[in-house]
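S.K.:
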Amino acid sequence: MPVLVLCGAPAAGMPGAPSRMVDPTTPIASATDLGLTRGDGVFETVGVHDGRMHDLEPHLERLAQSAAMLDMPKPDLGVFREAISWAVRELLHGLDEVPATALCKVVYTRGTETAAAEIPGGRPLGFAYADVFPDVSADRHEGVPVITLSRGYPKGVGAQAPWLLAGAKTLSYAINMAALRHAKARGAKDVILTTTDGFVLEAPRSTVLVRHGGMIVTPAIDGGLLHGTAQRAAFDAFEDRGFTCDYRDVTVEQLTSADAVWLTDSVQLLRPVRTLDGTELAVDQELTGAVNAHMLAAH
450 MPVLVLCGAP
460 AAGMPGAPSR
470 MVDPTTPIAS
480 ATDLGLTRGD
490 GVFETVGVHD
500 GRMHDLEPHL
510 ERLAQSAAML
520 DMPKPDLGVF
530 REAISWAVRE
540 LLHGLDEVPA
550 TALCKVVYTR
560 GTETAAAEIP
570 GGRPLGFAYA
580 DVFPDVSADR
590 HEGVPVITLS
600 RGYPKGVGAQ
610 APWLLAGAKT
620 LSYAINMAAL
630 RHAKARGAKD
640 VILTTTDGFV
650 LEAPRSTVLV
660 RHGGMIVTPA
670 IDGGLLHGTA
680 QRAAFDAFED
690 RGFTCDYRDV
700 TVEQLTSADA
710 VWLTDSVQLL
720 RPVRTLDGTE
730 LAVDQELTGA
740 VNAHMLAAH
């Protein structure tokens, strides 16, 4: 059964009751919460593999970075750290066996419209939600069919228009989910988003990795991309196997000429791209398996 922990005081310096566990079916957000009505908030998803949380601290750091980009009150990372750990422990305690893959999603919203208007910094809402994730071992081994879709803006928009919040992990995921539905309707399983001038961005819920010979690259984060926690862990694994890893601009044409393309995220880990816009790509199952094993062995 899923586990829900409500953070009593998610913002630094915010007075409030201690965090508490509540029934996951219990309503916890007001109908006027800005996270619900405006998508005005941030989140992170921590992968839990074979009963162990992975990259908790990088996720917490990115939560704080995203909140700062939205001019939200600084989150109390100690409160969130405790809530995530508590939710995961309770989830695993309630299961007959340890699942191969689980997750804990942590959410931090600006709170209600009234509080945000009347109280300096508002009264943010924070919670952690843990649950088991479906088996993705086949996708990690065999790869997934992917299509490219335009994100609708040129490269460098993050620096040119910081109010677009490129690079922040916000609750405004409607476009990402629409892209995934569009891909499914076309017989694909995921999407690689691109700029209008032909550069690779990221997947709706994953980072893109590209191999050319002994080089592994991911699109440069200074273009306004989310800095992936799983991508950093994957770089460590590839470097341990003698590859050189780098952040640089990647064009759509470089995807089709690559020796391999992967999508990576904290829950599904490394998944090869099997086809791109209908074109078959090489899938290195041995290398993919070795990198995933390295990531699973890391704490």
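If you want the working numbering, it's the 1-based position in the sequence shown plus 449.
Ideal Cβ positions, reconstructed from N, Cα and C, are used throughout, including at glycine.
Could you check what DSSP says for F576 in three-state terms: helix, strand or coil?
M.R.: Position 127 of the sequence shown holds residue 576. If DSSP states are grouped into helix, strand and coil, F576 belongs with the strands.
S.K.: Taking 8 Å as the cut-off, does the region 571-578 touch the region 609-622 (at least 3 CB pairs, one atom from each stretch)?
M.R.: No, because fewer than three Cβ pairs between the region 609-622 and the region 571-578 fall closer than 8 Å, the two stretches do not touch.
S.K.: Are L453 and G496 closer than 8 Å when you measure CB to CB?
M.R.: As a working note, residue 453 is residue 4 in the sequence shown. As a working note, residue 496 is residue 47 in the sequence shown. No, Cβ-Cβ distance for L453 and G496 is not below 8 Å.
S.K.: At the level of alpha carbons, what is the spacing between D588 and G738?
M.R.: If you number the sequence shown from 1, residue 588 lands on position 139. If you number the sequence shown from 1, residue 738 lands on position 289. So the two alpha carbons sit approximately 11 Å from each other.
S.K.: In three-state terms, what does DSSP make of T486?
M.R.: On the sequence shown, residue 486 is found 37 positions in, with the first residue counted as 1. Correct three-state label for T486: helix.
S.K.: State the DSSP-derived secondary structure class of T643, mapped to helix, strand or coil.
M.R.: On the sequence shown, residue 643 is found 194 positions in, with the first residue counted as 1. If DSSP states are grouped into helix, strand and coil, T643 belongs with the strands.
S.K.: Go ahead and label H645 buried or exposed: buried means 16 or more other beta carbons lie within 10 angstroms of its beta carbon, across all protein chains shown.
M.R.: The count along the sequence shown starts at 1 and reaches residue 645 at position 196. First, the amino acid is wrong: residue 645 is Thr here, not His. The residue in question, T645, is exposed, as its Cβ has fewer than 16 Cβ neighbours within 10 Å.
S.K.: Comparing alpha-carbon positions, which option in V593, G727, R681 lies nearest T656?
M.R.: Translated into positions along the sequence shown, residue 656 becomes position 207. Comparing Cα-Cα distances from T656 to each of V593, G727, R681, the minimum goes to R681.
S.K.: What is the residue span of the beta strand (DSSP E) that W711 lies within?
M.R.: As a working note, residue 711 is residue 262 in the sequence shown. Its beta strand (DSSP E) spans residues 709-714.
S.K.: Which parts of the region 582-612 are runs of the beta strand (DSSP E), unbroken and 3 residues or longer, counting only runs that do not cross its ends?
M.R.: DSSP runs (the beta strand (DSSP E)) wholly in the region 582-612: 593-599.
S.K.: For L544, is the classification buried or exposed, using 16 other Cβ atoms within 10 angstroms of its Cβ as the cut-off for buried?
M.R.: Sequence index remark: in the sequence shown, residue 544 carries index 95 (1-based). So L544 counts as exposed.
S.K.: Rounded to whole angstroms, what's the CA-CA distance from F648 to P548? Just pull it up for me.
M.R.: Taking the first residue of the sequence shown as position 1, residue 648 is located at position 199. Taking the first residue of the sequence shown as position 1, residue 548 is located at position 99. Those two C-alpha atoms are separated by around 38 Å.
S.K.: Between which two residues does the alpha helix (DSSP H) containing R530 stretch?
M.R.: Position 81 of the sequence shown, counted from the start, is the residue given in the question as residue 530. R530 -> alpha helix (DSSP H) spans 526-542.
S.K.: Are the region 602-611 and the region 478-491 touching, with three or more C-beta to C-beta distances below 8 Å?
M.R.: No: fewer than three Cβ pairs fall under 8 Å.
S.K.: Once DSSP output is grouped into helix, strand and coil, what is the label at I665?
M.R.: For this step, residue 665 is matched to residue 216 along the sequence shown. If DSSP states are grouped into helix, strand and coil, I665 belongs with the strands.
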